[in-house]
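See below:
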């Protein structure tokens, strides 16, 4: 197996050292270079043609975000953002994912020891990013503020995603008609889902909010599962947060949300399983389909990682396989069909 060629870009000597140490002795990887700012990062990508770029968000001369834009324009390359957990860092990370970064890893607080603790996750994410497809981001028109109708939903749309999800969710949310009610479950740690909700709200005709206890589903509103919690339903319209054990190693889990939604919504539920590693959502989709739900899955060619959609197909749960650009129109059609009955 040819080693994955990695370029490390961070203005912190210590961070670069710890990242390089994470791959030391692992024959699956080769560190081909390092950069200390965004300008050098772009230059090294053009010079070295790495398989993966590990890119810090905040760097001198040129930020990680601006470097990412130039990399995607000049030589599209799989990028893993190594980002701060601060509110500003979270917003920038979500923007980076929209521009085409494949995934991100939050830098832990606590100095060198804390950084060294993420080594295992850094290695696994880098390996996954190396296998991913790069999809270019789109510049989208910012939508004006909007208000939900206050009316109870007649149907429910549930979108589940992991790696590559933020970009796919933007594409879908930009195309969904007003008046739809929905839930989004995106694998993301605490501190990042509020920024994701704001980003999706800015491109959608619907109000998009991060979940909180007691929140109500209504027409014209989509709720994003809060990082670090499962999103659950206590009634057809009442949301609550559950800090129970991770499912498939993740929290929020798509399966957990689908199981509640299928119990309350059954044949009035539309599910889309989008790009992502693993198989979260596949089991729930099978349960939901037995309850009469419609299940869409994203196709391989437009997925960054075709894991969750493939697992859903392999369980026989998918009604239709669609490219990302066809999913919003399909959802709009299905919602109209369900609500005309």
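In our numbering, the protein residues as written are 370 to 710.
Backbone N, C-alpha and C define an ideal beta-carbon position, used for all residues, glycine too.
Since the model is a prediction, treat every value here as computed from it, not as a measurement.
So, using beta-carbon positions, are residue i and residue j closer together than 8 Å?
{"i": "residue 704", "j": "residue 687", "result": "no"}
{"i": "residue 640", "j": "residue 657", "result": "yes"}
{"i": "residue 491", "j": "residue 468", "result": "no"}
{"i": "residue 545", "j": "residue 700", "result": "yes"}
{"i": "residue 530", "j": "residue 373", "result": "no"}
{"i": "residue 379", "j": "residue 388", "result": "yes"}
{"i": "residue 594", "j": "residue 572", "result": "no"}
{"i": "residue 363", "j": "residue 419", "result": "Here the chain covers residues 370 to 710 and nothing more, so residue 363 does not appear."}
{"i": "residue 602", "j": "residue 630", "result": "yes"}
{"i": "residue 452", "j": "residue 421", "result": "no"}
{"i": "residue 489", "j": "residue 694", "result": "no"}
{"i": "residue 617", "j": "residue 570", "result": "no"}
{"i": "residue 505", "j": "residue 441", "result": "yes"}
Which value, in whole angstroms, describes the spacing of the CA atoms of residue i and residue j?
{"i": "residue 535", "j": "residue 622", "result": "16 Å"}
{"i": "residue 613", "j": "residue 383", "result": "35 Å"}
{"i": "residue 645", "j": "residue 502", "result": "11 Å"}
{"i": "residue 574", "j": "residue 410", "result": "37 Å"}
{"i": "residue 460", "j": "residue 470", "result": "14 Å"}
{"i": "residue 558", "j": "residue 565", "result": "11 Å"}
{"i": "residue 634", "j": "residue 526", "result": "10 Å"}
{"i": "residue 647", "j": "residue 678", "result": "9 Å"}
{"i": "residue 627", "j": "residue 654", "result": "7 Å"}
{"i": "residue 710", "j": "residue 399", "result": "59 Å"}
{"i": "residue 680", "j": "residue 430", "result": "44 Å"}
{"i": "residue 692", "j": "residue 577", "result": "23 Å"}
{"i": "residue 464", "j": "residue 439", "result": "14 Å"}
{"i": "residue 432", "j": "residue 397", "result": "29 Å"}
{"i": "residue 668", "j": "residue 690", "result": "6 Å"}
{"i": "residue 446", "j": "residue 632", "result": "42 Å"}
{"i": "residue 554", "j": "residue 417", "result": "37 Å"}
{"i": "residue 698", "j": "residue 386", "result": "47 Å"}
{"i": "residue 637", "j": "residue 659", "result": "12 Å"}
{"i": "residue 624", "j": "residue 560", "result": "22 Å"}
{"i": "residue 684", "j": "residue 532", "result": "21 Å"}
{"i": "residue 458", "j": "residue 434", "result": "11 Å"}
{"i": "residue 403", "j": "residue 381", "result": "11 Å"}
{"i": "residue 600", "j": "residue 477", "result": "25 Å"}
{"i": "residue 472", "j": "residue 392", "result": "18 Å"}
Starting from residue i, trace the beta strand (DSSP E) in both directions and tell me its first and last residue.
{"i": "residue 450", "result": "448–452"}
{"i": "residue 529", "result": "525–530"}
{"i": "residue 609", "result": "608–611"}
{"i": "residue 691", "result": "689–691"}
{"i": "residue 579", "result": "576–579"}
{"i": "residue 413", "result": "Residue 413 -> not in any beta strand (DSSP E); alpha helix (DSSP H) instead, spanning 407–417."}
{"i": "residue 374", "result": "373–378"}
{"i": "residue 601", "result": "599–602"}
{"i": "residue 590", "result": "590–593"}
Give me the residue from the options with the minimum Cα distance to residue i.
{"i": "residue 443", "options": "408, 522 and 631", "result": "408"}
{"i": "residue 619", "options": "556, 486 and 517", "result": "556"}
{"i": "residue 538", "options": "547, 552 and 548", "result": "552"}
{"i": "residue 523", "options": "589, 629, 448 and 543", "result": "589"}
{"i": "residue 696", "options": "528, 599 and 433", "result": "528"}
{"i": "residue 495", "options": "706, 423 and 525", "result": "423"}
{"i": "residue 449", "options": "389, 376 and 394", "result": "376"}
{"i": "residue 518", "options": "543, 591, 429 and 569", "result": "591"}
{"i": "residue 436", "options": "420, 414 and 418", "result": "414"}
{"i": "residue 707", "options": "549, 429 and 406", "result": "549"}
{"i": "residue 521", "options": "666, 604, 464 and 392", "result": "604"}
{"i": "residue 702", "options": "486, 434 and 547", "result": "547"}
{"i": "residue 515", "options": "370, 662 and 567", "result": "567"}
Residue range of the alpha helix (DSSP H) that residue i falls in?
{"i": "residue 435", "result": "433–443"}
{"i": "residue 629", "result": "623–634"}
{"i": "residue 551", "result": "It is not in any alpha helix (DSSP H) - residue 551 instead sits in the beta strand (DSSP E) that spans 551–555."}
{"i": "residue 492", "result": "488–500"}
{"i": "residue 535", "result": "534–544"}
{"i": "residue 655", "result": "651–659"}
{"i": "residue 710", "result": "First-last for residue 710: undefined, no H or E at that position."}
{"i": "residue 389", "result": "382–392"}
{"i": "residue 665", "result": "First-last for residue 665: 663–667, but that is the beta strand (DSSP E), not the alpha helix (DSSP H)."}
{"i": "residue 563", "result": "562–572"}
{"i": "residue 680", "result": "677–683"}
Quiz item: Do three or more CB pairs link the stretch 673–684 to the stretch 520–536 at distances below 8 Å?
Solution: The stretch 673–684 and the stretch 520–536 touch, with no fewer than 3 CB-CB distances between them shorter than 8 Å.
Exercise. Inspect the CB distances between the stretch 575–589 and the stretch 600–610 and report whether three or more fall short of 8 Å.
Key: In short, these stretches touch, since the Cβ pair count reaches three.
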